Ligand SMILES: *Cc1c(COP(=O)(O)O)cnc(C)c1O
Ligand SMILES: [Zn+2]
């Protein structure tokens, strides 16, 4: 395993030992999220990337030597990670770039990249003998925790959601057997209550941007991209951003590999936000500090990237600043347009928040942020089956015909001449 050297506050550099702090920096509060750091020189001498490449563990646990977990510790049995990385020449051609890869994280057990964080947090809970793990969310994070949690009988899952949350989303949590608390209040009330109960009851919180182990779970997506490209990296990795945890994890994975000398450069990391939920894009553009970001109303159809105050804002700004990257924004109309287009060019059906990266790459190429001779990896963070209603809005209806072959032929003639 990778022995934790320190937990380091992203805001003030405050340093803590592994068991000193569980969530954020006591000095800097909620914005002072922590990095889990290792003794990279020691790791360099004790682990070998070829050994990892030879591993027959086809899940994110193939990277146990780079994760804060003991090699013999029990982990959730569901198969998270080691998702496909597709070379997609038609996407490259359409976007006008040299090469495009698609990392399909919709292929995870509950259909999103969030499974990577949930499996890590549950493994940590098992190691620590904690019997209840909790989060406040209605989206993919809650589904991931409920699903992975159902595979671990030793641990109970409690999810706090605002009472106004869509019933269909809550149904998935209940199907997995999670206890769902419908809080009569806002999402923030649910979040604060969840944290308070975790503290009081000794539960473990998986909340986004609070628990540093979530970043370590999410970093495995970058470890995979590098390994799948034979330990090299694309020029650009493009990620959609809401609370900023995925982009932070993406950065951390490449950061660790770079520290180990397993890759020879950091990719530029480009974050994509919806125009109606673009706090981080705004902060980046105006050179703001994470501490100065204020809550701003968020409206976008891409619900998985809707965030009024990104919880992982400090790490999310750093990911872009330190890699010479950028934030771009895309409109809801561009996202809807990208949805079927991306699916038709790649065979990957992704949810609106995920295909935002396709629209974002388009924007970045048009504005010269990405050059035509560069290679880009588009992170597809969630399956299109998560939001079939939006997909329906993005396409025309089928062709209505009489039940005979002549009708089929005449319909086909029409389609083909269109
Ligand atoms: C959560 C999520 C995002 C955004 O991740 P953040 O960590 O909130 O920035 C993007 N796409 C999908 C599908 C997600 O579930
Ligand atoms: Zn601090």
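Residue numbers (our numbering): 97 to 514.
Cβ atoms here follow ideal geometry from the backbone N, Cα and C, with glycine treated the same way.
Computed from a prediction, not measured in an experiment: that's the story for all the values here.
TODO: With a cut-off of 8 Å on the beta carbons, I'd call residue 477 and residue 449 a contact; round off their distance for me.
DONE: Position 381 of the chain shown, counted from the start, is the residue given in the question as residue 477. Position 353 of the chain shown, counted from the start, is the residue given in the question as residue 449. The pair is a contact, with the Cβ atoms about 6 Å apart (cut-off 8 Å).
- [ ] Round the Cβ separation of residue 517 and residue 341 to the nearest angstrom and send it over; I've been treating them as touching at under 8 Å.
- [x] Outside the shown range of the chain, which is 97 to 514, sits residue 517, and nothing can be said about it.
Open item on the list: Classify residue 122: buried if its beta carbon has 16 or more other beta carbons within 10 angstroms, exposed otherwise.
Closed with: Residue numbering aside, residue 122 sits at position 26 when the chain shown is read from its first letter. With fewer than 16 Cβ atoms within 10 Å of its Cβ, residue 122 is classed as exposed.
Task: Nearest-angstrom beta carbon gap, residue 368 and residue 452 [assumed within contact, 8 Å] - done: Within the chain shown, residue 452 is the residue found at index 356, counting from 1. Within the chain shown, residue 368 is the residue found at index 272, counting from 1. Indeed, because the Cβ distance is near 5 Å, the residues count as touching under 8 Å.
TODO: Could you tell me which of 511, 186, 125, 245 sits nearest to residue 172, measuring between CA atoms?
DONE: Numbered from 1 along the chain shown, position 76 holds the residue referred to as residue 172. The shortest C-alpha separation from residue 172 is found at 245.
Open item on the list: Just to confirm, is the Cβ distance from residue 366 to residue 458 under 8 Å?
Closed with: For the purposes of this step, residue 366 is taken as the residue at position 270 of the chain shown. For the purposes of this step, residue 458 is taken as the residue at position 362 of the chain shown. Against a cut-off of 8 Å, the Cβ pair of residue 458 and residue 366 comes out as no contact.
Task: Chain-ordered residues, beta carbon under 6 Å from a heavy atom of ligand 2 - done: Going along the chain, the residues that qualify are 105, 107, 108, 110, 121, 123, 124, 128.
Open item on the list: For a minimum of 4 consecutive residues, which ranges assigned as the alpha helix (DSSP H) are wholly contained in the stretch 384–448?
Closed with: Fully enclosed alpha helix (DSSP H) runs of no fewer than 4 residues occupy 409–417, 428–442 of the stretch 384–448, in order along the chain.
Open item on the list: Alpha carbons only, please: which of 207, 404, 413, 418 is nearest the one belonging to residue 363?
Closed with: Start at 1 with the first residue of the chain shown, and residue 363 comes out as number 267. When only C-alpha atoms are compared, the closest one is 418.
Task: DSSP-derived helix/strand/coil call for residue 170 - done: Within the chain shown, the letter at position 74 stands for residue 170. Note: residue 170 maps to coil in three-state DSSP.
Task: Proximal residues to residue 262 (C-beta, below 8 Å), its chain only, five neighbours per side dropped - done: If you number the chain shown from 1, residue 262 lands on position 166. Cβ within range, chain order: 234.
- [ ] Counting only the same chain and skipping the five closest in sequence on each side, list residues whose C-beta sits under 6 Å from that of residue 220.
- [x] Within the chain shown, numbered from 1, the residue matching residue 220 stands at position 124. The answer, listed in chain order, is 309.
Task: Neighbourhood of residue 110 by C-beta distance below 6 Å, restricted to the same chain and skipping five residues each side - done: In the chain shown, the residue the question calls residue 110 occupies position 14. Result list for residue 110: 121, 123, in chain order.
Open item on the list: Going by C-alpha to C-alpha distance, which of 431, 416, 327 sits closest to residue 372?
Closed with: In the chain shown, the residue the question calls residue 372 occupies position 276. Nearest C-alpha to residue 372: 431.
Task: Member of 489, 496, 177, 386 whose CA lies at the smallest distance from the CA of residue 108 - done: In the chain shown, residue 108 corresponds to position 12, counting from 1. Ranking the options by Cα distance to residue 108, first place goes to 386.
Open item on the list: Taking the alpha carbon of residue 285 as the reference point, which residue from 255, 299, 314 has its own alpha carbon closest?
Closed with: As a position in the chain shown, residue 285 is number 189, starting the count at 1. Taking only the C-alpha atoms, the option nearest residue 285 is 255.
- [ ] Between the Cα of residue 130 and those of 470, 483, 114, spot the shortest distance and give me the residue it belongs to.
- [x] On the chain shown, position 34 is the one that residue 130 refers to. Checking every option, the nearest Cα to that of residue 130 belongs to 114.
Task: Beta bridge counterpart(s) of residue 104 as assigned by DSSP - done: Here the question's residue 104 lines up with position 8 in the chain shown. 111, 131.
Open item on the list: Could you give the first and the last residue of the continuous beta strand (DSSP E) run that contains residue 227?
Closed with: Translated into the one-based positions of the chain shown, residue 227 becomes position 131. DSSP places residue 227 in no beta strand (DSSP E); its state is neither H nor E.
Task: Beta-carbon spacing of residue 482, residue 208 below 8 Å - done: Numbered from its first residue, the chain shown carries residue 482 at position 386. Numbered from its first residue, the chain shown carries residue 208 at position 112. Yes, they are a contact pair.
Task: Range covered by the alpha helix (DSSP H) that runs through residue 380 - done: For the purposes of this step, residue 380 is taken as residue 284 along the chain shown, with counting starting at 1. Element bounds for residue 380: 375–381.
Task: Where residue 259 falls, given that 16 or more other Cβ within 10 Å makes a residue buried - done: As a first step, residue 259 is located in the chain shown; it is residue number 163 there, counting from the start. The C-beta of residue 259 has fewer than 16 other C-beta atoms within 10 Å across all chains shown, which makes the residue exposed.
Task: Spatial distance of residue 195 from residue 333 (CA atoms) - done: Here residue 195 refers to the residue found at position 99 when the chain shown is read from its first residue. Here residue 333 refers to the residue found at position 237 when the chain shown is read from its first residue. Cα to Cα, the separation comes out at about 12 Å.
Task: Cβ separation of residue 212 and residue 177, assumed to be a contact under 8 Å, to the nearest whole Å - done: Here residue 212 corresponds to residue number 116 of the chain shown, with the count starting at 1. Here residue 177 corresponds to residue number 81 of the chain shown, with the count starting at 1. Yes, they are in contact, since the Cβ atoms of residue 212 and residue 177 sit about 6 Å apart, within 8 Å.
Open item on the list: Output needed for residue 135: all residues of its chain with C-beta closer than 6 Å, excluding positions within five of it in sequence on either side, in chain order.
Closed with: The residue you call residue 135 lines up with position 39 of the chain shown. Result list for residue 135: 101, in chain order.
Task: Closer than 7 Å: residue 449 CB and nearest ligand 1 heavy atom - done: Counted from its first residue, the chain shown places residue 449 at position 353. Distances taken from the Cβ of residue 449 to the heavy atoms of ligand 1 include one shorter than 7 Å.
Task: For residue 162, the residue or residues it bridges with in DSSP - done: For the purposes of this step, residue 162 is identified with residue 66 of the chain shown, where counting begins at 1. In the DSSP output, where bridge partners are listed per residue, residue 162 has none listed.
TODO: Using the Cα positions of residue 521 and residue 353, report the straight-line distance between them to the nearest angstrom.
DONE: In the structure displayed, the chain extends from 97 to 514; residue 521 sits before or after that span and is not available.
TODO: Compare the C-alpha of residue 229 against each of 377, 301, 397 and name the closest.
DONE: In the chain shown, residue 229 corresponds to position 133, counting from 1. Cα-wise, what sits closest to residue 229 is 301.
TODO: Identify whether residue 334 lies in helix, strand or coil by the three-state DSSP scheme.
DONE: Locating residue 334 in the chain shown gives position 238, where the first residue counts as 1. In the structure shown, residue 334 sits in a strand (DSSP, three-state: E or B).
Open item on the list: For ligand 1, I want to know if residue 400 counts as a neighbour, meaning its beta carbon is within less than 7 Å of at least one of the ligand's heavy atoms.
Closed with: Within the chain shown, the letter at position 304 stands for residue 400. At least one heavy atom of ligand 1 is nearer than 7 Å to the Cβ of residue 400, so yes.
Task: Cβ pair count under 8 Å reaching 3, the stretch 268–287 against the stretch 187–204 - done: With the cut-off at 8 Å, the stretch 268–287 and the stretch 187–204 do not touch.
- [ ] List the endpoints of the continuous beta strand (DSSP E) containing residue 97.
- [x] Here residue 97 refers to the residue found at position 1 when the chain shown is read from its first residue. Careful: residue 97 lies outside any beta strand (DSSP E) and carries neither H nor E.
Task: Proximity below 8 Å, CB of residue 472 to CB of residue 143 - done: The sequence position of residue 472 within the chain shown is 376, counting from 1. The sequence position of residue 143 within the chain shown is 47, counting from 1. Taking C-beta atoms as the reference points, residue 472 and residue 143 fail to come closer than 8 Å.
Task: Heavy atom of ligand 1 within 7 Å of residue 318 beta-carbon - done: Here residue 318 refers to the residue found at position 222 when the chain shown is read from its first residue. Checking the Cβ of residue 318 against ligand 1 gives no.
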